Each structure stands twice: as C-alpha cells, then as structure tokens.
Amino acid sequence: MSETSIEWTDATWNPVAGCTIMSAGCTNCYAMRMAARLDAMGMEKYRGLTRKSGGRAKWTGKLYLDEVALTVPASWKQPRTVFVNSMSDLFHPDVPVDFIRRVWNAMGATRRHTYQILTKRPDRMADVLGAAGFEVLPNVWLGTSVEDARVVHRLDELRQVPAAVRFVSFEPLIGSVAGGRLDGIQWAIVGGESGPNARPMDPAWIDEIFDMCNDASAAFFFKQWGGKNKKAAGRAYRGRTWDDMPSVSV
Numbered sequence: 015m016s017e018t019s020i021e022w023t024d025a026t027w028n029p030v031a032g033c034t035i036m037s038a039g040c041t042n043c044y045a046m047r048m049a050a051r052l053d054a055m056g057m058e059k060y061r062g063l064t065r066k067s068g069g070r071a072k073w074t075g076k077l078y079l080d081e082v083a084l085t086v087p088a089s090w091k092q093p094r095t096v097f098v099n100s101m102s103d104l105f106h107p108d109v110p111v112d113f114i115r116r117v118w119n120a121m122g123a124t125r126r127h128t129y130q131i132l133t134k135r136p137d138r139m140a141d142v143l144g145a146a147g148f149e150v151l152p153n154v155w156l157g158t159s160v161e162d163a164r165v166v167h168r169l170d171e172l173r174q175v176p177a178a179v180r181f182v183s184f185e186p187l188i189g190s191v192a193g194g195r196l197d198g199i200q201w202a203i204v205g206g207e208s209g210p211n212a213r214p215m216d217p218a219w220i221d222e223i224f225d226m227c228n229d230a231s232a233a234f235f236f237k238q239w240g241g242k243n244k245k246a247a248g249r250a251y252r253g254r255t256w257d258d259m260p261s262v263s264v
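Under our numbering, the first residue of the sequence shown is numbered 15, with each subsequent residue one higher.
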C-alpha cells in the first residue's frame with residue numbers, strides 16, 4: 015500500500031502488477047512509466063513487466079500476483095478509501111478467478127475500508143462476479159474506464175456488474191462520449207490526459223458528461239484538465255472545483 019496524490023482516493027493497493035495495452039486510453043498509461051522506473055530501482059515485483067519500444071516503456075503482458083499484498087489491508091487500523099490495482103487490472107484475462115476470489119475475501123474481511131476497482135474489461139468483471147462465490151460487498155465500488163466513443167459500450171457492460179456502487183472514469187478523456195448514458199451508474203470521474211505526450215481534451219466533451227450526470231443523478235468529479243503541466247492547468251470547471259462523491263448507505 016502507498017499513499018497517493020490521486021484526488022479521488024486515499025491510498026493504492028496492488029495485489030497484481032502488470033497489464034496489456036487494450037485501447038487508445040492505454041497509449042500513455044502512467045502505470046507503464048512507473049513500472050519501468052520501479053524495475054530500474056530493482057523492485058522484484060516489477061521485473062520484466064515493461065520493455066522499451068520507440069523510446070517509451072510498454073507493457074509486456076507479464077503479470078505479477080503478489081501473495082504478500084493480500085494480507086496488507088488487515089494491518090490498516092484506520093478506515094481509508096483504497097484504489098485497488100493502480101498498476102494493473104484485476105480483471106485482466108490472465109488473472110486467475112481463484113486469485114480474484116482471494117482479493118475479494120481480503121476486502122470482505124476489512125469492511126472498515128472502502129475499495130475502488132477500475133477495469134477496462136467490465137465484460138469479464140460481470141462474468142466473474144456473477145458466478146457463485148462472490149457476494150456483493152457494500153464497501154467495494156466497481157468501475158470501468160471509458161476514453162472515447164469507441165469504448166462507450168463498456169458502460170452497458172458495467173451495468174451488468176453486481177455492485178453496491180458502479181462508477182466510470184472518463185480519463186484520459188480523448189474524445190466525445192455523447193452516445194453514452196449513466197443510468198445505473200452512481201459516479202463519474204472526468205480528467206484530461208497528463209504528461210509529455212498528453213492529448214488535448216475538448217471542454218465540450220466534459221459538458222456532455224456533466225449533462226449525463228445530471229440526467230442520471232450521478233455524482234460528478236472533475237479530476238484535472240491535464241496537459242504537460244497539469245498543476246498549472248488546474249482543476250476548475252465552470253468556475254469551481256467538483257469533488258462530488260456517490261451517496262452510499264452501508
């Protein structure tokens with residue numbers, strides 16, 4: 015576990031590391047760059063998870079299942095909000111269902127914490143969690159990432175996921191998602207891409223999501239404008255900061 019600067023959570027927890035590029039939102043993935051740095055620092059967990067291609071770190075598709083990490087949440091005495099697998103995707107096809115179940119059990123045994131899981135594979139999330147042996151945990155929020163219209167179908171797949179809270183991260187937002195809807199989804203995070211190769215975000219795309227949130231009574235969280243200097247670009251949208259969170263009754 016590590017503390018984090020991510021605005022919508024308190025900490026990160028990575029029982030899995032490593033991933034595979036899946037869609038356009040993965041192109042400049044910060045986790046690939048971070049994994050390469052951690053590998054260079056000699057951290058065994060990240061060895062061989064990336065390779066250099068075109069001068070940039072890219073996922074190799076290799077995964078690391080961290081058995082020791084499964085015991086960590088029980089050691090956190092104070093309740094916290096935890097982003098699960100910021101360095102991977104729990105529902106990557108090569109993560110065994112048995113290991114997902116063990117992650118689930120660790121979260122179920124520590125209900126003082128709130129866990130947030132994002133995937134680019136909500137179809138597998140729905141299939142796995144719809145099977146026997148997975149209860150709907152009130153302290154686990156389940157979400158998907160949607161970067162543009164090409165993957166807006168993930169919203170429909172997310173609606174099939176049994177969850178106490180469903181959410182979507184429109185980050186990096188690199189295109190319009192006007193064809194989507196947020197019915198059955200309680201929270202939307204919006205953010206522009208950041209870093210040296212950041213792609214621009216059109217304010218009109220944010221407006222579309224803002225209206226979708228109003229139509230579906232979903233909470234709206236504006237994370238950042240992004241760009242090469244995200245701090246300078248700031249977080250203000252329509253003259254204010256939006257840090258809305260979903261209403262949860264536990």
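Where a beta carbon is used, it is the ideal one built from N, C-alpha and C, also for glycine. None of these values were measured; they are calculated from a predicted model.
Compare the Cα-Cα distances from residue i to each of the options and report the closest residue.
i	options	result
Gln174	Asp197, Glu161, Ala163, Ala192	Asp197
Ala123	Arg138, Arg254, Glu149, Ile188	Glu149
Leu156	Asp162, Gly147, Val142, Tyr129	Tyr129
Trp219	Thr18, Asp103, Tyr251	Tyr251
Pro29	Arg249, Thr85, Tyr44	Thr85
Ile131	Met101, Asp258, Phe235	Met101
Identify, in the order they occur along the chain, each residue of the same chain with its Cβ nearer than 7 Å to the Cβ of residue i, setting aside the five sequence neighbours on each side.
i	result
Gly144	Pro176
Gln200	Val179, Arg180, Phe181, Ala232, Ala233, Pro260
Val165	Ser37
Trp22	Ile203, Phe235, Lys237
Go through its chain and collect everything with a Cβ distance to residue i's Cβ below 8 Å, but skip five positions before and after it.
i	result
Ala71	Met46, Arg47, Ala49, Ala50, Thr64, Arg65
Gly62	Asp53, Thr74, Lys76
Pro152	Arg125, Ala178, Val262, Val264
Given this structure, state the Cα-to-Cα distance separating residue i from residue j, to the nearest angstrom.
i	j	result
Cys227	Cys33	30 Å
Trp118	Leu172	18 Å
Asp221	Ala163	15 Å
Trp90	Ile20	19 Å
Ala246	Ala146	48 Å
Asp225	Gly56	46 Å
Val109	Leu169	22 Å
Give the DSSP bridge partners of residue i, in chain order.
i	result
Ala233	Trp201
Glu17	Ala25
Apart from the five residues just before and just after residue i, which ones in its own chain have a Cβ nearer than 6 Å to its Cβ?
i	result
Trp239	Gly206, Ala247
Ile188	Glu161, Asp162, Arg213
Cβ of residue i versus every heavy atom of the ligand ADP: is any distance shorter than 7 Å?
i	result
Val204	Absent from the structure shown: the ligand ADP. Ligands present: none.
As an exercise, report each continuous alpha helix (DSSP H) stretch of at least 4 residues that is fully enclosed by the segment 103 to 179, in chain order. As summarised for the segment 103 to 179, the continuous alpha helix (DSSP H) elements at least 4 residues long and confined to that stretch are 111 to 122, 136 to 143, 167 to 172, given in chain order.
At 3 residues or longer, and completely inside the segment 185 to 215: list those beta strand (DSSP E) runs for me, N to C. Those beta strand (DSSP E) runs which fall completely within the segment 185 to 215 and span 3+ residues are 201 to 205.
Continuous beta strand (DSSP E) assignments of at least 3 residues falling wholly in the segment 26 to 105: Counting only runs of 3 or more, we get 64 to 67, 70 to 73, 95 to 98.
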